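*Asks:*
Residue numbers (UniProt numbering), protein chains in the order written: chain A, 1 to 557; chain B, 1 to 487.
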């Protein structure tokens, strides 16, 4: 009897081969949309034109307005020059002409700007000086606001001693001078112009990019941050010599906090303190007659960054460090030398953009009391001011222009910053932030346009748009309003959003991603997978062709 | 190739042909029971007399984030205190494991896992018995005497030429009709594999003796639950019981997702045992499987109170949030991956596991058990969180195909690679993470060796299966080869 044996039904036939091939190709097809979807580069549209517009010549030009109330207290009104009602206007014109800008509403470019490269924005101070003679001294309230100043002119007889200019800690200048003189408007103008000369110089420097690098103040100043972490560290060289502690809580409360509270509009500050023992210097002090010394060239190596753990791990703000270093007995007395070889009077130095250091020999008692800390904290405060860019108010060129005038400056002993300094800081930061935000956005725009593989998330777009709006508002506020705080808050939003967009990690991840990288990503897996599949496909096509040929031949036969 | 040739001089072992299909089930002897008892005793001994279980429980080779018993206990603690165990990233395992272990006192935990091991071994035994009964029914077509024209000289070595000619010859003679009483057992051209054959009891004992199985059991890897489900699913399929097979597969899939691939071989098995078409089986089994799986997920929802467990269990398996180094291929790759390409390569890696289901099922249609072994091996190599528990199951399934051993060419390489990786893996892991004298590349390289050794093994098995099928299906060539070799 005949038995039909099992025949291969599916296996080893061409049909099986094609089925397998089709199933694999099917998965490939299924994978194609996944590939397309998951590796697509999301680029949110950015307003490049607007970003570039801000960097265009003259767009960012602005005038930072300073309002000054002029009050002339005159014992005998006849002493005033005949054109006294327009005294304010005269002074305004003079001051503005000194500053290269004409009257307030005119948008003509300052004359200084003519020498500058055309792409640099020019920001200049402009003055609005009003006469308050008519008010009869009721304008006292106005000087509470930042950006509004008062000039009190007290007339005196020409023969009663020298002229007196006294700059108060609040926003008032008292000038005692001879009113009858023709020189009166000129004198007042020189005082006002002198007070703001440094600031104006700084704007010119910040808007023209080349000069920035040589500006020592700028190099010293920390970069703007919304939050700073201020750390006071007592580093004790050898606790076996003296187990030093300090009354830092009170020291901060008395000397540092009033200052920080006053400028808290600018940034938030968090303050911490610590004591570290066995803090060894990474440098060996030179032996100086009967003491040890550190020369200026050694100071950059003073910080032992390997062993001193100064940065707080929890803080998210930009760190500012203030170190009181107490050397071990074997290295005392430790003196810092100036470059001319003389001992430094304060025995302290400042490290630009980092913080300040004070060196003191081990104290006699183990605990540094508030009184002991007083001079040290004053140095720290001065260093902090320097780091934050607080400049003392001085009338520049006073010796030449105001010869024979005694000038006194009132300082704010409790707070550590006068209203003048505070205002100037706010204005400077506003301008700096504005310029920086525009620069940052421009760099970002250039980067995104250059890197076509770069991902631009929607949140980047939101940040850029917010930043642009804030730049616009800030610019407007600078032009129109005398209130610097409003402009400042806009400038702050602008710079923060611009920087956070620029430094967003999602942007950096694909910053440099040339096409060769793609081969490296796809090749290792897909080439080995694809080669056999493609080979089979080719084989199938060949087989199909030759079959057709055979069929054709048969038909022909 | 020499093996079939030898058969001409040495006639088949008479005893071999005496075995008749119904009596193939081995008579139960005391020996397998004794073996089992000894191996259970060995496990208990290691558990109670040594620290090995505690060490193994923390080893990456034995417990992964999705199977770790330690994490299960953490989840259990949260569960008992009324906190959702899926808050945080500790517990990635199925919700239904929680009530099971909630009611089992801790001193019974080891026993549970030993019982699981014994159950796995028992069902492997049953599957192996089915496999050997299949082998006896295997049809070896009688060699048709076709004068092949290629048999002279050098054409022998080129398989393709021989095959082409043979195919031509076969085409002329199909179908193979054999007159008279042809007994394939007495066919001298049929290869003799009695020397490499493993009895079902041996396979079960080898599973219990497998160091990987012992490690997984001692480490209390919850993968064992899923493995048992998969093995039981296959077992019920070999017995033609569709609903329990689907239930077991649903449980296995519910626990570790990847046993989903076993639907294909189980459907093939069921169509063989129930003698119906695959389509028929599919239309009944897929809905049933879906209902079972849906039921399990529904019960889990009631237990967990929200669908959060889905993202914590299957989400963890599919999206691989925990990149703790393990013996798989995912962790290193996704640590190094550009973030931008992570989603894409996750898709690629996960699709890669499932790509093989259709081709393998089609290619080895008449060997569903082999399909199951291959797919389980692929899952064990390419899944997101593999452990030695996966290896122990699929190696035992491969042992059932002992007739392939004589065709395999790379066993030395594959087995040595696995041994090499098993020894050096823990060493390099220690060097990297504890001694600090190595780096991640050491361990990654050894996981590559581990994967490659296994891939060599399964590729070799595929080759052997095809080679044997070739021998079986092309009897003319079989004869030709025998003749050629002895000319």
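Using N, Cα and C, we set each Cβ at its ideal position, and we do this for glycine too.
Since the model is a prediction, treat every value here as computed from it, not as a measurement.
Counting only beta-carbon atoms, is residue 631 of chain A nearer than 8 Å to chain B?
*Replies:* Summary: the structure shown does not reach residue 631 of chain A, with chain A confined to residues 1 through 557, and so no result is reported for it.
*Asks:* Could you give the C-beta distance for residue 385 of chain B and residue 317 of chain B, rounded to a whole number, given that I count them as a contact under 8 Å?
*Replies:* Position 385 of the second chain, counting from 1, holds the residue named residue 385 of chain B. Position 317 of the second chain, counting from 1, holds the residue named residue 317 of chain B. About 7 Å separates the two Cβ atoms, so the contact holds.
*Asks:* Give me, in chain order, the residues of the same chain whose beta-carbon lies closer than 6 Å to that of residue 273 of chain A; leave out the 5 immediate sequence neighbours on both sides.
*Replies:* Sequence index remark: in the first chain, residue 273 of chain A carries index 273 (1-based). Cβ neighbours of residue 273 of chain A beyond the five flanking positions: 232, 248.
*Asks:* What residues in its chain sit with their C-beta under 8 Å from that of residue 332 of chain A, if we drop five residues either side in the sequence?
*Replies:* Taking the first chain and counting its residues from 1, one reaches residue 332 of chain A at position 332. Answer for residue 332 of chain A: 291, 292, 361, 362, listed in chain order.
*Asks:* Tell me the rounded alpha-carbon separation between residue 365 of chain B and residue 279 of chain B.
*Replies:* Counted from its first residue, the second chain places residue 365 of chain B at position 365. Counted from its first residue, the second chain places residue 279 of chain B at position 279. Distance between the alpha carbons of residue 365 of chain B and residue 279 of chain B: 13 Å.
*Asks:* Indicate whether residue 296 of chain A and residue 339 of chain A have their beta-carbon atoms separated by less than 8 Å.
*Replies:* The residue you call residue 296 of chain A lines up with position 296 of the first chain. The residue you call residue 339 of chain A lines up with position 339 of the first chain. Cβ atoms of residue 296 of chain A and residue 339 of chain A: closer than 8 Å.
*Asks:* According to a CB-to-CB cut-off of less than 7 Å, which residues of the segment 14-38 of chain A neighbour chain B?
*Replies:* So the list reads 16, 19, 20, 23, 24, 27, 31, 34, 35, 38, given in the order they occur along the chain.
*Asks:* List in chain order: all unbroken beta strand (DSSP E) runs of 3+ residues lying wholly within the segment 47-73 of chain A.
*Replies:* Qualifying beta strand (DSSP E) stretches, in chain order: 62-73.
*Asks:* For residue 471 of chain B versus residue 191 of chain B, is the C-beta spacing smaller than 8 Å?
*Replies:* Counted from its first residue, the second chain places residue 471 of chain B at position 471. Counted from its first residue, the second chain places residue 191 of chain B at position 191. Closer than 8 Å, so yes.
*Asks:* Since residue 163 of chain A is in the alpha helix (DSSP H), which residue starts that stretch and which ends it?
*Replies:* For the purposes of this step, residue 163 of chain A is taken as residue 163 along the first chain, with counting starting at 1. It is not in any alpha helix (DSSP H) - residue 163 of chain A instead sits in the beta strand (DSSP E) that spans 163-167.
*Asks:* Determine, for residue 351 of chain B, whether the minimum Cβ-Cβ distance to residues of chain A falls below 8 Å.
*Replies:* For the purposes of this step, residue 351 of chain B is taken as the residue at position 351 of the second chain. Yes, residue 351 of chain B counts as interfacial toward chain A.
*Asks:* Quick check: what's the CA-CA separation for residue 137 of chain A versus residue 157 of chain A?
*Replies:* In the first chain, residue 137 of chain A corresponds to position 137, counting from 1. In the first chain, residue 157 of chain A corresponds to position 157, counting from 1. Any reading at residue 137 of chain A needs caution, since the residue's pLDDT is 44, under 50, leaving its predicted position unreliable; the model's value is listed next. Their Cα atoms are separated by approximately 22 Å.
*Asks:* Please identify the residue among B:268, B:402, B:451 whose C-alpha is closest to the C-alpha of residue 419 of chain B.
*Replies:* Walking along the second chain from the start, residue 419 of chain B turns up at place 419. The shortest C-alpha separation from residue 419 of chain B is found at B:451.
*Asks:* Helix, strand or coil for residue 194 of chain B per DSSP?
*Replies:* For the purposes of this step, residue 194 of chain B is taken as residue 194 along the second chain, with counting starting at 1. If DSSP states are grouped into helix, strand and coil, residue 194 of chain B belongs with coil.
*Asks:* Only counting runs of 3 or more residues, tell me where the beta strand (DSSP E) segments fall wholly within the segment 497-551 of chain A, in order along the chain.
*Replies:* DSSP runs (the beta strand (DSSP E)) wholly in the segment 497-551 of chain A: none.
*Asks:* Please determine, among B:391, B:429, B:348, B:464, the residue with the shortest C-alpha to C-alpha distance to residue 37 of chain A.
*Replies:* Position 37 of the first chain, counted from the start, is the residue given in the question as residue 37 of chain A. Selected option, being the one with the closest Cα: B:348.
*Asks:* Alpha helix (DSSP H) containing residue 286 of chain B: first to last residue?
*Replies:* The residue given as residue 286 of chain B occupies position 286 in the second chain. Note, residue 286 of chain B: alpha helix (DSSP H), 278-304.
*Asks:* According to the neighbour-count rule (16 or more other Cβ atoms, all chains shown, within 10 Å of its Cβ), is residue 405 of chain A buried or exposed?
*Replies:* For the purposes of this step, residue 405 of chain A is taken as residue 405 along the first chain, with counting starting at 1. Answer is buried; the Cβ neighbour count reaches 16.
*Asks:* By the three-class DSSP mapping on this structure, what secondary structure does residue 227 of chain A have?
*Replies:* As a first step, residue 227 of chain A is located in the first chain; it is residue number 227 there, counting from the start. Note: residue 227 of chain A maps to strand in three-state DSSP.
*Asks:* Rounded to the nearest angstrom, what separates residue 363 of chain B and residue 421 of chain B at their Cα positions?
*Replies:* To locate residue 363 of chain B, count along the second chain from 1; it is residue 363. To locate residue 421 of chain B, count along the second chain from 1; it is residue 421. If I take the Cα positions, the gap works out to 31 Å.
*Asks:* Are the C-beta atoms of residue 131 of chain B and some chain A residue less than 8 Å apart?
*Replies:* By one-based count along the second chain, residue 131 of chain B stands at place 131. No, because no Cβ of chain A sits closer than 8 Å to the Cβ of residue 131 of chain B.
*Asks:* Could you compute how far the alpha carbon of residue 399 of chain B sits from the alpha carbon of residue 40 of chain A?
*Replies:* To locate residue 399 of chain B, count along the second chain from 1; it is residue 399. To locate residue 40 of chain A, count along the first chain from 1; it is residue 40. Taking the straight line from one Cα to the other gives about 46 Å.
*Asks:* Leaving out five residues before and five after residue 153 of chain A in sequence, what residues of the same chain have Cβ atoms less than 6 Å from its Cβ?
*Replies:* In the first chain, counting from the first residue as 1, residue 153 of chain A sits at position 153. Excluding sequence neighbours, residue 153 of chain A sits near 72, 175.
*Asks:* Report all residues from its chain with a CB closer than 6 Å to the CB of residue 557 of chain A; omit the five preceding and five following residues, and keep chain order.
*Replies:* Reading the first chain from its first residue, position 557 is the one you call residue 557 of chain A. Result list for residue 557 of chain A: empty, nothing under 6 Å.
*Asks:* So with CB distances below 8 Å, who are the chain B contacts of residue 534 of chain A?
*Replies:* Here residue 534 of chain A is taken as the residue at index 534 of the first chain, counted from 1. Near residue 534 of chain A there are no residues of chain B at all, since even the closest Cβ is about 16 Å away, more than 8 Å.
*Asks:* Can you list, in chain order, the stretches of the alpha helix (DSSP H) that have 4 or more residues and sit fully within the segment 365-436 of chain A?
*Replies:* DSSP runs (the alpha helix (DSSP H)) wholly in the segment 365-436 of chain A: 370-388, 398-401.
*Asks:* If contact is defined by three or more beta carbon pairs under 8 Å, each pair taking one atom from either stretch, is the segment 481-490 of chain A in contact with the segment 457-467 of chain A?
*Replies:* No, they do not touch.
*Asks:* In whole angstroms, what separates the C-alpha of residue 243 of chain A from that of residue 236 of chain A?
*Replies:* The residue given as residue 243 of chain A occupies position 243 in the first chain. The residue given as residue 236 of chain A occupies position 236 in the first chain. The alpha-carbon atoms of residue 243 of chain A and residue 236 of chain A are separated by roughly 8 Å.
*Asks:* Within a Cβ cutoff of 8 Å, which residues of the same chain sit near residue 283 of chain A, ignoring the five residues on either side of it in sequence?
*Replies:* Numbered from its first residue, the first chain carries residue 283 of chain A at position 283. For residue 283 of chain A, where only same-chain residues beyond five positions count, the Cβ hits under 8 Å are 294, 298, 301, 302.
*Asks:* In angstroms, rounded to a whole number, what distance separates the CA positions of residue 70 of chain A and residue 89 of chain A?
*Replies:* As a working mapping, residue 70 of chain A is identified with position 70 in the first chain. As a working mapping, residue 89 of chain A is identified with position 89 in the first chain. Cα to Cα, the separation comes out at about 10 Å.
*Asks:* Which same chain residues end up closer than 6 Å to residue 346 of chain A when comparing Cβ atoms and leaving out the 5 residues on each side of it in sequence?
*Replies:* As a first step, residue 346 of chain A must be located in the first chain, where it is residue number 346. Excluding residues within five positions, the ones whose Cβ falls inside 6 Å are 379.
*Asks:* Buried or exposed: which applies to residue 99 of chain B, given that a residue is buried once 16 or more other Cβ atoms fall within 10 Å of its Cβ?
*Replies:* Locating residue 99 of chain B in the second chain gives position 99, where the first residue counts as 1. The residue is exposed, with fewer than 16 neighbouring Cβ atoms inside 10 Å.
*Asks:* Take residue 127 of chain B as the anchor and find which of B:235, B:415, B:284 has the nearest alpha-carbon.
*Replies:* Taking the second chain and counting its residues from 1, the one referred to as residue 127 of chain B is at position 127. Of the listed residues, the one whose Cα sits closest to residue 127 of chain B is B:235.
*Asks:* So residue 437 of chain A and residue 498 of chain A are supposed to be a Cβ contact under 8 Å. How far apart are they, rounded?
*Replies:* On the first chain, position 437 is the one that residue 437 of chain A refers to. On the first chain, position 498 is the one that residue 498 of chain A refers to. Contact flag correct, Cβ pair sits at about 4 Å.
*Asks:* For a quick check, are the C-beta atoms of residue 250 of chain B and residue 293 of chain B less than 8 Å apart?
*Replies:* In the second chain, counting from the first residue as 1, residue 250 of chain B sits at position 250. In the second chain, counting from the first residue as 1, residue 293 of chain B sits at position 293. The answer is yes: Cβ separation under 8 Å.
*Asks:* Would you check whether the ligand ZN has a heavy atom nearer than 7 Å to the C-beta of residue 219 of chain A?
*Replies:* For the structure depicted, the ligand ZN is absent and the ligand set is empty, with no information on it obtainable.
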